[in-house]
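Quick notes on the structure that follows.
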Amino acid sequence: MAGSVAVLLAAVGCWAAPDDGPDPTRGHDAEVTPPPTSGGLDYQLGGAYDPAPGVTVVVRDSTEEPAPGVYSVCYVNGFQTQPAEAETWLRENPELVLHDSTGAVVDPAWPDEYVLDPRTPENREGILAIVGPAIERCAAAGYRAVEIDNLDTFARFDALSEDGNLALATAYADLAHQLGLAVGQKNAAEAAASARGAVGFDFAVTEECFAFGECTAYTDAYGEHVLQVEYADSLAVPFAEVCASPDRAPLVVLRDRGLVPAGVAGHVEERC
């Protein structure tokens, strides 16, 4: 087991929701720097490609190398299984995957992804032992930050709790900060006001906050430190209206739903 993860395992079960409200300074290490708030954003989870001129922040999957010359954010699926690893979770760690009242695995309706179950300290330790090394690989590869996806499973599945998810998110954030990585809250607008202080998030990554009228939930909590991704198939107005919105984040990118690389049919990439 990697050293940084091992140090955190003993403490991951001890999280408690703060009594006195958010503490924006929690968990911040001196060397941790959030993404820049000027320039341009690209969201490359469907495959890496050379960033366009003017792009200063690129988000890529943890299996990819960071983009050279820009601030690179590493995507980690912290609350659901990755498609290539789903069967391994079921075979080797079925107790860490959420099951319904009939004993069936809970499927979030995305191909080959299952929901993780962080309700107990034991489960959180087990999940961190498996997902934590991905965060360590991000740091070793040269990424500056991680985004932790699917925090919002507690809002999508009644069996889960916000406290359990935030406790696991705190373990991820503490590990990231020990490694010198900033850590981003991904979606879960309903938790933004409390999660920044409770967990120690440094910035937010939001998908479709304009489409769903949620952008102020993130900017109220994180100020300018919000990365905003909109999708061409869900906008009911021209992208120019997104860019003109007073509620938008400083860095906004419009992408195709499949996030296909530049040069592939269907690629969409526009910036404010």
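Using mature numbering (1 follows the signal peptide of the UniProt record, and there is no 0), the letters of the sequence shown map in sequence onto residues -16 to -1, 1 to 256. Beta carbons are placed, not taken as given, at the ideal position from N, Cα and C, and that holds for glycine.
According to DSSP, is residue i part of a helix, a strand, or is it coil?
| i | result |
| --- | --- |
| Asn149 | helix |
| Ala14 | Residue placement at Ala14 is flagged as unreliable, the pLDDT there being 45, under the threshold of 50; the coordinate-derived value follows with that caveat. Residue state, collapsed to three classes: coil. |
| Thr190 | strand |
| Ala129 | strand |
| Ile118 | According to the sequence shown, residue 118 is Ala rather than Ile. DSSP places Ala118 in helix when its eight states are reduced to three. |
| Asp7 | Summary for Asp7: the model assigns pLDDT 44, below 50, so the residue's position carries little reliability; its value from the coordinates is reported in the next sentence. Asp7 falls in the coil class under three-state DSSP. |
| Ala224 | helix |
| Val248 | coil |
| Leu159 | helix |
| Thr100 | Note on identity: in this sequence residue 100 is Leu, with Thr being the wrong assignment. Looking at Leu100 - three-state DSSP - the assignment turns out to be strand. |
| Val90 | coil |
| Gly197 | coil |
| Ser229 | coil |
| Asp136 | coil |
| Leu144 | coil |
| Ala20 | Looking at the sequence itself, residue 20 is Pro, so the reference to Ala does not match. DSSP places Pro20 in coil when its eight states are reduced to three. |
| Asn107 | helix |
| Ala175 | helix |
Check whether the Cβ atoms of residue i and residue j sit closer than 8 angstroms, and answer yes or no.
| i | j | result |
| --- | --- | --- |
| Glu253 | Val236 | no |
| Val189 | Leu159 | no |
| Val16 | Gly164 | yes |
| Thr82 | Ala143 | This sequence places Leu at residue 82; Thr is not what is there. Yes, the pair counts as a contact, with Cβ atoms nearer than the cut-off. |
| Glu174 | Ala139 | yes |
| Ala129 | Val244 | no |
| Leu25 | Arg241 | no |
| Ala157 | Phe185 | yes |
| Pro102 | Leu135 | no |
| Val60 | Val115 | yes |
| Gly31 | Leu80 | no |
| Gln66 | Pro92 | no |
| Val195 | Ala176 | Looking at the sequence provided, one finds Ala at residue 195 rather than Val. Their beta carbons are not under 8 angstroms apart, which means Ala195 does not touch Ala176 by this criterion. |
| Arg180 | Ala205 | yes |
List the residues that DSSP assigns as beta-bridge partners of residue i.
| i | result |
| --- | --- |
| Arg239 | Tyr215, Glu253 |
| Ala166 | Ala129 |
| Asp26 | Val42 |
| Val210 | Ala188 |
* Contact the stretch 83 to 96 vs the stretch 38 to 51: 3+ CB pairs below 8 angstroms -> no
* Which ranges would you report for the alpha helix (DSSP H) in the stretch 31 to 84 if only whole runs of at least 4 residues count? -> 70 to 76
* Asked: Is the number of C-beta pairs between the stretch 158 to 168 and the stretch 141 to 150 that are closer than 8 angstroms three or more?
  -> no
* **Stretch pair the stretch 172 to 192 + the stretch 208 to 227: three plus CB contacts closer than 8 angstroms** => yes
* Inspect the CB distances between the stretch 46 to 53 and the stretch 116 to 128 and report whether three or more fall short of 8 angstroms. => yes
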